[in-house]
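Asker:
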Amino acid sequence: MPDNISRLADFLPYLLSTTSNAVSERIADEYAAHFGLNIPEWRVMAVLGDAGALTQRDLVGATLMDKVAVNRACRELETRDLAVRRPNARDGRSHHLELTGGGRTMHGQIMKIVLEMEARVFAVLSKDEQALFKTMLVRLRQQVNELERT
Numbered sequence: 205m206p207d208n209i210s211r212l213a214d215f216l217p218y219l220l221s222t223t224s225n226a227v228s229e230r231i232a233d234e235y236a237a238h239f240g241l242n243i244p245e246w247r248v249m250a251v252l253g254d255a256g257a258l259t260q261r262d263l264v265g266a267t268l269m270d271k272v273a274v275n276r277a278c279r280e281l282e283t284r285d286l287a288v289r290r291p292n293a294r295d296g297r298s299h300h301l302e303l304t305g306g307g308r309t310m311h312g313q314i315m316k317i318v319l320e321m322e323a324r325v326f327a328v329l330s331k332d333e334q335a336l337f338k339t340m341l342v343r344l345r346q347q348v349n350e351l352e353r354t
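Numbered by the working numbering, the letters in the sequence shown go through residues 205 to 354 in order.
Here you go:
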């Protein structure tokens, strides 16, 4: 292989993506086994648990998932009585989705599991390394946002 062609395994975006997928899937195995949620359903539930009622458009922006995935996740959460859709008083065409009491209870239970898994996954890094890693991820995200604006 010529020296000027990098291997895929050395391409930082690929490494970041595959590592992120591996971490997400490992954590998802835990909440899927206990609560029967998939990754998009949990992401929507997690955002609603943090932010409160949001429109589907807001959820698309917050989760960076496509509209179809968010729509499916919202419908499943509604079907399971974990979330409810209410009219948006500011915009008669859209609705807000929010967690029900049961959804908030499940959110709290899942948060305990995912925080424990986060601690187990990141135990390989010192507390200082974890803080630095988080700072670097935030900076990378900000850079991507800047590049999207230009």
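A virtual CB, placed ideally from N, CA and C, is assigned to each residue, including glycine.
State the start and end residues of the unbroken alpha helix (DSSP H) segment that holds Arg276.
Answerer: Locating residue 276 in the sequence shown gives position 72, where the first residue counts as 1. Here the alpha helix (DSSP H) through Arg276 covers 271 to 283.
Asker: For Thr304, which option in Met321, Arg284, Asn275 has the closest C-alpha, if you only look at C-alpha atoms?
Answerer: Taking the sequence shown and counting its residues from 1, the one referred to as residue 304 is at position 100. When only C-alpha atoms are compared, the closest one is Arg284.
Asker: Have a look at the DSSP bridge pairing and note the partners of His299.
Answerer: For the purposes of this step, residue 299 is identified with residue 95 of the sequence shown, where counting begins at 1. Paired residues: Pro291.
Asker: Pick from Leu252, Tyr218, Ser224: whose alpha carbon is nearest that of Gly312?
Answerer: Here residue 312 refers to the residue found at position 108 when the sequence shown is read from its first residue. Answer by Cα proximity: Leu252.
Asker: How is the alpha helix (DSSP H) around Asp214 delimited, first residue to last?
Answerer: Here residue 214 is taken as the residue at index 10 of the sequence shown, counted from 1. Taken as a continuous stretch (DSSP letters only), Asp214 belongs to no alpha helix (DSSP H), as it is neither H nor E.
Asker: Does DSSP put Leu329 in a helix, in a strand, or in coil?
Answerer: Against the sequence shown, residue 329 aligns to sequence position 125. Coil.
Asker: Residues bridged to Leu344 by DSSP?
Answerer: The count along the sequence shown starts at 1 and reaches residue 344 at position 140. Per DSSP, none; premise fails for Leu344.
Asker: What are the boundary residues of the alpha helix (DSSP H) that Gly253 is part of?
Answerer: Numbered from its first residue, the sequence shown carries residue 253 at position 49. Looking at the DSSP string, the run of the alpha helix (DSSP H) that includes Gly253 is 243 to 255.
Asker: Taking the Cβ atom as the reference point for each residue, do Leu268 and Val248 lie within a distance shorter than 7 Å?
Answerer: Position 64 of the sequence shown, counting from 1, holds the residue named residue 268. Position 44 of the sequence shown, counting from 1, holds the residue named residue 248. For Leu268 and Val248, no; Cβs fall outside 7 Å.
Asker: Taking Arg289 as the reference, give the member of His299, Tyr218, Thr339 with the closest Cα.
Answerer: In the sequence shown, the residue the question calls residue 289 occupies position 85. Nearest of His299, Tyr218, Thr339 to Arg289, Cα basis: His299.
Asker: Does the Cβ of Leu216 have 16 or more other Cβ atoms within 10 Å, making it buried, or fewer, making it exposed?
Answerer: Stepping through the sequence shown from its first residue, residue 216 is reached at position 12. It counts as exposed.
Asker: Please name the residue, chosen from Ser210, Phe239, Phe326, that lies closest to Met310 on a Cα-to-Cα basis.
Answerer: Residue 310 sits at position 106 when you count from the first residue of the sequence shown. The shortest Cα separation from Met310 among Ser210, Phe239, Phe326 belongs to Phe239.
Asker: Looking only at its own chain, which residues have a Cβ that is under 6 Å from the Cβ of Tyr218, when we skip the five neighbours before and after it?
Answerer: Position 14 of the sequence shown, counting from 1, holds the residue named residue 218. Closer than 6 Å at the Cβ level, and outside the excluded window around Tyr218, lie Leu212.
Asker: With H, G and I counted as helix, E and B as strand and the rest as coil, what does DSSP make of Leu161?
Answerer: With the chain covering 205 to 354 only, the question about residue 161 has no answer from this structure.
Asker: Straight-line CA distance for Gln346 to Gln334?
Answerer: Position 142 of the sequence shown, counted from the start, is the residue given in the question as residue 346. Position 130 of the sequence shown, counted from the start, is the residue given in the question as residue 334. About 18 Å.
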